[in-house]
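A.B. asks: According to the numbering used here, the residues represented by the sequence shown are 1 to 117, in order.
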Amino acid sequence: MILIAGPYRSGTGGDPDRIAANLARLEEAAWPIFQAGHVPMIGEWVALPVLDQAHGAATAEDVLYPTAQRLLQHCDAVLRLPGESTGADQDVAIARERGLPVYHRIEEIPGHVAQPA
Numbered sequence: 001m002i003l004i005a006g007p008y009r010s011g012t013g014g015d016p017d018r019i020a021a022n023l024a025r026l027e028e029a030a031w032p033i034f035q036a037g038h039v040p041m042i043g044e045w046v047a048l049p050v051l052d053q054a055h056g057a058a059t060a061e062d063v064l065y066p067t068a069q070r071l072l073q074h075c076d077a078v079l080r081l082p083g084e085s086t087g088a089d090q091d092v093a094i095a096r097e098r099g100l101p102v103y104h105r106i107e108e109i110p111g112h113v114a115q116p117a
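#1: Mapping the DSSP letters down to three states, classify Pro-40 as helix, strand or coil.
#2: Give me the DSSP bridge partner(s) of Arg-80.
#3: Whether or not the stretch 1-9 and the stretch 17-25 are in contact is what I'm after, with contact meaning three or more pairs of Cβ atoms, one per stretch, closer than 8 Å; do they touch?
#4: In its own chain, which residues sit with a C-beta less than 6 Å from the C-beta of Pro-101, not counting the 5 before and 5 after it?
#5: Starting from the C-beta of Val-39, find all residues in its chain whose C-beta is less than 8 Å away, skip the five residues before and the five after it, and write them out in chain order.
#6: What number of angstroms, rounded off, separates the C-alpha of Gly-14 from the C-alpha of Gly-56?
#7: Thinking just about the alpha-carbon of each residue, which of Ala-114, Pro-49, Ala-95 and Asp-52 is nearest to the one in Ile-4?
#8: Just to check my reading of the structure: Ala-29 and Leu-79 have Cβ atoms closer than 8 Å, yes? What is that Cβ distance to the nearest angstrom?
#9: By alpha-carbon positions, which one of Gln-35, Gly-43, Ser-85 and Leu-64 ends up nearest to His-74?
#10: What residue from Gln-35, Leu-48 and Pro-66 has the CA that sits closest to Gly-87's CA?
#11: Val-113 by DSSP, collapsed to three states: which one?
Here it is, written out as structure tokens:
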């Protein structure tokens, strides 16, 4: 399982359209990771339903960062996508502490399948 880490809320000013665009960029990496024989994971896929079901009892910070930290206990690597993101930087730091590979390009992931141009 490879955690895809990159900007989600960073640089959006809270604009829902920009947040959605950031999530779409994270999700673009899911198929190539799957094709390479791995399971892609994005922390927001888990955290957002949890946050929704908290019905205001928790903030994004209460759920998003801890979810990624918990997921990293089960991940084999991290793909760090470009862009400023405190959360993604934390994910990389945790991965490195645990000795997990950190990739910065999809092409670095073992089993990567080149896509036709």
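From the three backbone atoms N, C-alpha and C, an ideal C-beta is built for every residue, glycine too.
C.D. replies: If we stick to the structure as given:
#1: As a first step, residue 40 must be located in the sequence shown, where it is residue number 40. Strand at Pro-40.
#2: For this step, residue 80 is matched to residue 80 along the sequence shown. DSSP output for Arg-80 lists Ala-5 as bridge partner(s).
#3: Three or more beta-carbon pairs drawn from the stretch 17-25 and the stretch 1-9 are found closer than 8 Å, and the two stretches are therefore classed as touching.
#4: The residue labelled residue 101 in the question sits at position 101 within the sequence shown. Sequence-distant partners of Pro-101 (beyond 5 residues in either direction) whose C-beta falls short of 6 Å from its own C-beta, in its chain, are Ala-77.
#5: Here residue 39 is taken as the residue at index 39 of the sequence shown, counted from 1. Within the same chain, Val-39 has close Cβ partners Met-1, Ile-2 and Ile-33.
#6: Stepping through the sequence shown from its first residue, residue 14 is reached at position 14. Stepping through the sequence shown from its first residue, residue 56 is reached at position 56. Cα to Cα, the separation comes out at about 17 Å.
#7: For the purposes of this step, residue 4 is taken as residue 4 along the sequence shown, with counting starting at 1. The option with the nearest alpha carbon to Ile-4 is Ala-95.
#8: Taking the sequence shown and counting its residues from 1, one reaches residue 29 at position 29. Taking the sequence shown and counting its residues from 1, one reaches residue 79 at position 79. So it is a contact: roughly 6 Å between Cβ atoms.
#9: Translated into the one-based positions of the sequence shown, residue 74 becomes position 74. That would be Gly-43, whose Cα lies nearest to the Cα of His-74.
#10: Here the question's residue 87 lines up with position 87 in the sequence shown. Nearest neighbour of Gly-87 by Cα position, chosen from Gln-35, Leu-48 and Pro-66, turns out to be Pro-66.
#11: In the sequence shown, counting from the first residue as 1, residue 113 sits at position 113. Three-state DSSP puts Val-113 in coil, outside helix and strand.
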